[in-house]
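Asker: Taken in order, these protein sequences are the chains called A and B. Sequential numbering of the first sequence, starting at 404, is according to the working numbering. Sequential numbering of the second sequence, starting at 2, is according to the working numbering. Glycine residues also receive a C-beta, built at the ideal position from the N, C-alpha and C atoms. Take a look at the following structure, please.
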Amino acid sequence: DAGVIQSPRHEVTEMGQEVTLRCKPISGHNSLFWYRQTMMRGLELLIYFNNNVPIDDSGMPEDRFSAKMPNASFSTLKIQPSEPRDSAVYFCASSLGGEKLFFGSGTQLSVL
Amino acid sequence: AQTVTQSQPEMSVQEAETVTLSCTYDTSENNYYLFWYKQPPSRQMILVIRQEAYKQQNATENRFSVNFQKAAKSFSLKISDSQLGDTAMYFCAFPVSGGSNYKLTFGKGTLLTVNP
C-alpha cells in the first residue's frame with residue numbers, strides 16, 4: 404500500500420498567489436482530513452470529508468481557504484490569495500471508519 | 002471544551018532506559034479512543050498506540066505501553082528500552098465530541114530526545 408500521498412512536498416510562493424495542495428488517500432478509506440501544523444498552534448483540524456462529502460469545515464480559518472473532494476481518490480486544499488501567516492505544514496490524513504488516521508508526509512508551505 | 006494537555010514540552014532519556022510521557026484530557030464522553038502519535042524529524046506522523054476507553058486493560062505495542070487512568074482522565078505513554086530512533090515529537094490525541102474518532106484533537110506535543 405502506497406499510503407496517503409501528498410503533493411507537493413514543499414511549496415514556496417509569494418503573497419497573493421494561489422496555492423493548491425493535493426492529496427490521494429489510501430484506497431478504500433472513506434474519510435479524509437486536512438490538518439495544519441504550526442509552532443504556535445500545533446496541529447489543527449481544518450476540514451474533514453466522509454464519503455467525499457464535507458462534514459465539518461469549522462476549522463477552516465477564512466474564506467481564502469477552500470477544500471474539495473471530487474472523488475474518493477483525490478482531494479485539494481486551496482488558498483487564494485495566500486498570506487505569509489498561512490506558512491505551515493499541511494497534512495492530509497485518511498481513515499476507514501474513523502478508528503485510525505493515516506497521515507501523508509505533509510506539504511511545507513512558505514508564503515513570502 | 003474538550004482539551005488535551007501535554008505538560009512536558011521536552012524530555013530526554015539515555016538509550017536503553019525507560020521514559021514516560023504524560024497526557025491528560027477532558028471529556029464528558031464515556032466511550033472513546035485515545036491515541037499516541039510520533040513525529041520524527043522526517044515529519045511523518047506515525048500512530049504509536051491506541052487505547053479504547055471501555056477496555057480496562059492497558060494497551061501494549063512492543064516497547065510501547067500506556068497507563069490509562071479513566072477516572073483521572075490520564076493517558077501516559079511508557080517507552081521501554083529507549084532507542085535512538087525513538088527521538089521524535091510525541092502527540093497525544095483525542096476525538097472531540099460525540100465519541101466519534103473523526104475530529105482528533107492533538108496536544109501540543111513532547112519533544113523526546115534519546116541520548117547515546
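Select from T4/B, T6/B, Q7/B, V14/B the residue whose C-alpha is nearest the C-alpha of L113/B.
Answerer: Nearest of T4/B, T6/B, Q7/B, V14/B to L113/B, Cα basis: V14/B.
Asker: Considering L446/A, what are the terminal residues of the beta strand (DSSP E) in which it resides?
Answerer: 445-453
Asker: Taking the DSSP output, what are the residues bridged to S513/A?
Answerer: V415/A
Asker: Along the chain, where does the beta strand (DSSP E) that runs through A60/B open and close?
Answerer: That residue, A60/B, is in no beta strand (DSSP E); it is neither H nor E in DSSP.
Asker: In chain A, which residues lie with their C-beta within 7 angstroms of the C-beta of M46/B?
Answerer: F494, F506
Asker: Mapping the DSSP letters down to three states, classify D27/B as helix, strand or coil.
Answerer: coil
Asker: Since Y33/B contacts F92/B with CB under 8 angstroms, what's their CB separation in whole angstroms?
Answerer: 16 angstroms between Cβ atoms; not a contact.
Asker: What are the boundary residues of the beta strand (DSSP E) that includes M442/A?
Answerer: Counting along the chain, M442/A falls outside any beta strand (DSSP E), and DSSP gives it neither H nor E.
Asker: For S66/B, write down the residues that DSSP places opposite it in a beta bridge.
Answerer: T61/B, K79/B
Asker: Going by DSSP in three states, D459/A sits in which element: helix, strand or coil?
Answerer: strand
Asker: Tell me the DSSP secondary structure of P487/A in three-state form.
Answerer: Here P487/A sits in helix by DSSP.
Asker: Does M472/A pass the burial test, meaning 16 or more other C-beta atoms within 10 Å, or should it be called exposed?
Answerer: buried
Asker: Between P457/A and the rest of its own chain, which residues show a CB-CB distance below 8 angstroms, the 5 nearest in sequence each way excluded?
Answerer: I450, Y451, A470, M472
Asker: How about T111/B and P10/B: do their beta carbons lie closer than 9 angstroms?
Answerer: yes
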